[in-house]
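Engineer:
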Amino acid sequence: MKLSIINKEYTKLLVATFITRFGDCVDAIAFSWLVYIMTGSRVLMGSIFIVSVLPNLIILPFGGVLADTLNKKKITFIGDILRGFAVATLAILYATGLLEVWQIFVFTIINSLFESFADPARESMLQSLIKPGDYIKGSAYLNSTSQLGALVGLAVAGVLISSIGIWGTILIDAFTFLISSIIIYSMKYKDIREKSLTSNSLKGFFVQISEGFNYLKSKKILLIVVLLAAYMNFSFAPYNILRPIYVVDVLKIGVEGLSYLGLAIFAGMFVGGLIMGKIGKKINPVISISFGFAMMGVMYILLGTVEHIHLAFNTQIIYAIICTFFLGFFVPIMRAPINSIVMKETTPEMIGRLSSIMTACALIALPLGGALVSFLGDSVTVTFLYTVMGISVVFVSLIFYLRHHKRTFN
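48 is the number of the first residue of the sequence shown in the numbering used here; add one for each residue after it.
Given below as structure tokens:
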């Protein structure tokens, strides 16, 4: 079957992704506010962030094997259903006054486990829905749709929390998973799987995981972009973890501030994704990656200097929103070519394993970044961390450019 960049099944994937991301980002603001209200602790915020990714590190490689060997649609469907029920249960506990901090940790782990199986399968669908020549465009449009869902979610999150409360906001997230699962289940497409399996046993899983790591080591450019993606996650962990504190203590605004900055960053991602969909093929991937990453670092630094440029109160908020918009704008400038390189350099029967391994390697950096925040605790300011990490991002992007700017891709 001849595939086009726009087809019915690809559109279903876009819609399901939009709905899921809408709920995710509404929930993200609600959870950030909930943790801050219940604990008031930076250390605990960092600990929750670490707990949220540790299950991914353990399970994601297995999720990639399942994506290569089993039906991707069913894996994603079941994963979304289970995530929906888990989040709904958490919302009910909070509404009835039974929720305790340790329970947040437990449900975070459970939700992360289901995500680890569903996400590699969901991401692997893209390769079966579009032509190889459309990978950059298809990936960019998928990312833009994801960011559009987040954009809408973040735009209304503050209103939802103030009108229906945190529990209602989290419950909305549960329903989005259920709706997404129905759309995914209705999809029809050619499911590309590994043709020969050693067995469905634990030994068989480890054999195929090992094959995935060996394949990664044999492709130097894949290894390089995996490490770069991992460093991006590490360097921006302080931004993600400390954003509620940045809003309250630095910008001196309430819960609506999270919506302002969230709206700005995802609006930037959406615009950047659309632009990459139009011009991505014309730009050398190495130049796009290094320039996008460097500019993300610059925006990070500018966010960290907001306390030192003596702006008026209203101007300070506008300054932060502008910096955050461009921080988001340069994310797809970096990530779209990385995704394209992975798809072009990976055979169809290995894409699930490579996607999960890449995600797992990137996630390894998240608890390290969270550990950095927890270790420093209240000893340094949020803006100091933003500035230092931004400088490191610019430095790493410069090294990447100097070493690989002459590399070309077919």
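Quick reminder that beta carbons are idealized off the backbone N, C-alpha and C, glycines included.
Does the distance from the C-beta atom of residue 365 to that of residue 311 stay below 7 Å?
Structural biologist: In the sequence shown, the residue the question calls residue 365 occupies position 318. In the sequence shown, the residue the question calls residue 311 occupies position 264. No, they are not a contact pair.
Engineer: Leaving out the 5 sequence neighbours to the left and right, which residues in its chain are closer than 6 Å to residue 293 when beta-carbon positions are compared?
Structural biologist: Walking along the sequence shown from the start, residue 293 turns up at place 246. Closer than 6 Å at the Cβ level, and outside the excluded window around residue 293, lie 429.
Engineer: For residue 427, which three-state DSSP category applies?
Structural biologist: The residue given as residue 427 occupies position 380 in the sequence shown. Looking at residue 427 - three-state DSSP - the assignment turns out to be coil, as it is neither helix nor strand.
Engineer: Could you have a look at residue 216 and say whether DSSP puts it in helix, strand or coil?
Structural biologist: On the sequence shown, residue 216 is found 169 positions in, with the first residue counted as 1. Looking at residue 216 - three-state DSSP - the assignment turns out to be helix.
Engineer: If I follow the unbroken alpha helix (DSSP H) through residue 333, where does it start and stop?
Structural biologist: Along the sequence shown, one-based indexing puts residue 333 at 286. Note, residue 333: alpha helix (DSSP H), 332-351.
Engineer: Below 7 Å between beta carbons: does that hold for residue 392 and residue 225?
Structural biologist: Locating residue 392 in the sequence shown gives position 345, counting from the first residue. Locating residue 225 in the sequence shown gives position 178, counting from the first residue. Contact: no.
Engineer: Taking its Cβ as the centre, do 16 or more other Cβ atoms sit within 10 Å of residue 246, making it buried, or is it exposed?
Structural biologist: As a position in the sequence shown, residue 246 is number 199, starting the count at 1. Low confidence applies to residue 246: its pLDDT is 49, below 50, so where it sits in the model is not reliable, and the reading given next is rough at best. Exposed is the call here.
Engineer: On the CB-based measure, 16 or more other CB atoms within 10 Å of its CB, does residue 305 come out buried or exposed?
Structural biologist: Taking the first residue of the sequence shown as 1, we reach residue 305 at position 258. The residue is buried, with at least 16 neighbouring Cβ atoms inside 10 Å.
Engineer: By the three-class DSSP mapping on this structure, what secondary structure does residue 437 have?
Structural biologist: To locate residue 437, count along the sequence shown from 1; it is residue 390. Correct three-state label for residue 437: helix.
Engineer: Within its chain, find whatever has a CB closer than 6 Å to the CB of residue 248; leave out the 5 residues flanking it on each side and keep chain order.
Structural biologist: Taking the first residue of the sequence shown as position 1, residue 248 is located at position 201. Note that residue 248 scores a pLDDT of 48, beneath 50, so its modelled location is shaky and nothing firm can be said.
Engineer: Measure from the alpha carbon of residue 372 to the alpha carbon of each residue in 327, 314 and 286, then state which is nearest.
Structural biologist: Position 325 of the sequence shown, counting from 1, holds the residue named residue 372. It is 314.
Engineer: Sorted by chain position, which residues of the same chain lie with C-beta nearer than 6 Å to residue 412's C-beta, five sequence neighbours on each side aside?
Structural biologist: What you label residue 412 is simply residue 365 of the sequence shown in a count that begins at 1. If we look at residue 412 and ignore the five residues flanking it on each side, its Cβ neighbours are 277, 280 and 281.
Engineer: Can you tell me the Cα-Cα spacing of residue 387 and residue 117, whole angstroms?
Structural biologist: Taking the sequence shown and counting its residues from 1, one reaches residue 387 at position 340. Taking the sequence shown and counting its residues from 1, one reaches residue 117 at position 70. Roughly 24 Å separates the two Cα atoms.
Engineer: Expressed to the nearest angstrom, what Euclidean distance is found between the alpha-carbon atoms of residue 97 and residue 172?
Structural biologist: Taking the first residue of the sequence shown as 1, we reach residue 97 at position 50. Taking the first residue of the sequence shown as 1, we reach residue 172 at position 125. Using only the alpha carbons, I get a separation of about 28 Å.
Engineer: Got a sec, what are the start and stop residues for the alpha helix (DSSP H) residue 291 sits in?
Structural biologist: Here residue 291 refers to the residue found at position 244 of the sequence shown. It spans 267-292 - the alpha helix (DSSP H) in which residue 291 sits, taken as one unbroken run.
Engineer: Would you be able to state if there are at least three C-beta pairs under 8 Å between the region 211-222 and the region 68-85?
Structural biologist: At 8 Å Cβ cutoff, the stretches touch.
Engineer: Can you confirm whether the region 227-236 touches the region 53-64 when touching is taken to mean that 3 or more C-beta pairs between the two stretches lie within less than 8 Å?
Structural biologist: Yes, they touch.
Engineer: How many whole angstroms separate the CB atoms of residue 381 and residue 343, which I take to be in contact at a CB cut-off of 8 Å?
Structural biologist: Locating residue 381 in the sequence shown gives position 334, counting from the first residue. Locating residue 343 in the sequence shown gives position 296, counting from the first residue. The Cβ separation is near 7 Å, so the contact holds.
Engineer: Please state the DSSP three-state secondary structure of residue 361.
Structural biologist: Counting from one through the sequence shown, the residue named residue 361 turns up at place 314. The answer is helix: DSSP assigns residue 361 an H, G or I state.
Engineer: Where does residue 452 sit, in a helix, a strand or coil, going by DSSP?
Structural biologist: Reading the sequence shown from its first residue, position 405 is the one you call residue 452. The answer is coil: DSSP assigns residue 452 none of H, G, I, E or B.
Engineer: What would DSSP say about residue 236, mapped onto helix, strand or coil?
Structural biologist: One-based indexing of the sequence shown puts residue 236 at position 189. Of the three classes helix, strand and coil, the one that applies to residue 236 here is coil, per DSSP.
Engineer: With distances taken between CB atoms, is the gap from residue 123 to residue 223 smaller than 7 Å?
Structural biologist: Within the sequence shown, the letter at position 76 stands for residue 123. Within the sequence shown, the letter at position 176 stands for residue 223. Contact: no.
Engineer: Grouping DSSP H, G and I as helix and E and B as strand, with all else coil, what is residue 59?
Structural biologist: Walking along the sequence shown from the start, residue 59 turns up at place 12. In the structure shown, residue 59 sits in a helix (DSSP, three-state: H, G or I).
Engineer: I need the boundaries of the alpha helix (DSSP H) containing residue 158, first residue and last residue.
Structural biologist: Counting from one through the sequence shown, the residue named residue 158 turns up at place 111. Note, residue 158: alpha helix (DSSP H), 148-176.
Engineer: Which of the three DSSP states is assigned to residue 249 in this structure?
Structural biologist: Sequence index remark: in the sequence shown, residue 249 carries index 202 (1-based). Since pLDDT at residue 249 reaches only 48, below the 50 mark, its modelled position is unreliable, and no value is offered.
Engineer: Considering residue 303, what are the terminal residues of the alpha helix (DSSP H) in which it resides?
Structural biologist: Start at 1 with the first residue of the sequence shown, and residue 303 comes out as number 256. Here the alpha helix (DSSP H) through residue 303 covers 303-326.
Engineer: Figure out for me which residue from 454, 159, 188 and 73 has the closest Cα to the Cα of residue 330.
Structural biologist: Residue numbering aside, residue 330 sits at position 283 when the sequence shown is read from its first letter. Per the Cα distances, 454.
Engineer: Please identify the residue among 69, 161, 94 and 175 whose C-alpha is closest to the C-alpha of residue 284.
Structural biologist: Start at 1 with the first residue of the sequence shown, and residue 284 comes out as number 237. For the residues 69, 161, 94 and 175, the minimum Cα distance to residue 284 belongs to 94.
Engineer: Please name the residue, chosen from 363, 346 and 203, that lies closest to residue 374 on a Cα-to-Cα basis.
Structural biologist: Translated into positions along the sequence shown, residue 374 becomes position 327. Nearest C-alpha to residue 374: 346.
Engineer: Once you ignore the five residues that flank residue 128 on each side, which residues in its own chain have a CB closer than 8 Å to its CB?
Structural biologist: Translated into the one-based positions of the sequence shown, residue 128 becomes position 81. 224, 225 and 228.
Engineer: Taking its Cβ as the centre, do 16 or more other Cβ atoms sit within 10 Å of residue 134, making it buried, or is it exposed?
Structural biologist: The residue given as residue 134 occupies position 87 in the sequence shown. Result: buried.
Engineer: Take residue 384 and list the residues in its own chain whose beta-carbon comes closer than 6 Å to its own, dropping the five residues that flank it on each side.
Structural biologist: By 1-based counting over the sequence shown, the position of residue 384 is 337. Excluding residues within five positions, the ones whose Cβ falls inside 6 Å are 332, 335 and 336.
Engineer: So, helix, strand or coil for residue 64, using DSSP?
Structural biologist: Taking the first residue of the sequence shown as position 1, residue 64 is located at position 17. Residue 64 falls in the helix class under three-state DSSP.
Engineer: DSSP state of residue 131, grouped into three classes?
Structural biologist: Against the sequence shown, residue 131 aligns to sequence position 84. It is helical.
Engineer: Ordered along the chain, which non-local residues of its own chain (more than five positions away) have a Cβ less than 7 Å from that of residue 160?
Structural biologist: For the purposes of this step, residue 160 is identified with residue 113 of the sequence shown, where counting begins at 1. 102 and 106.
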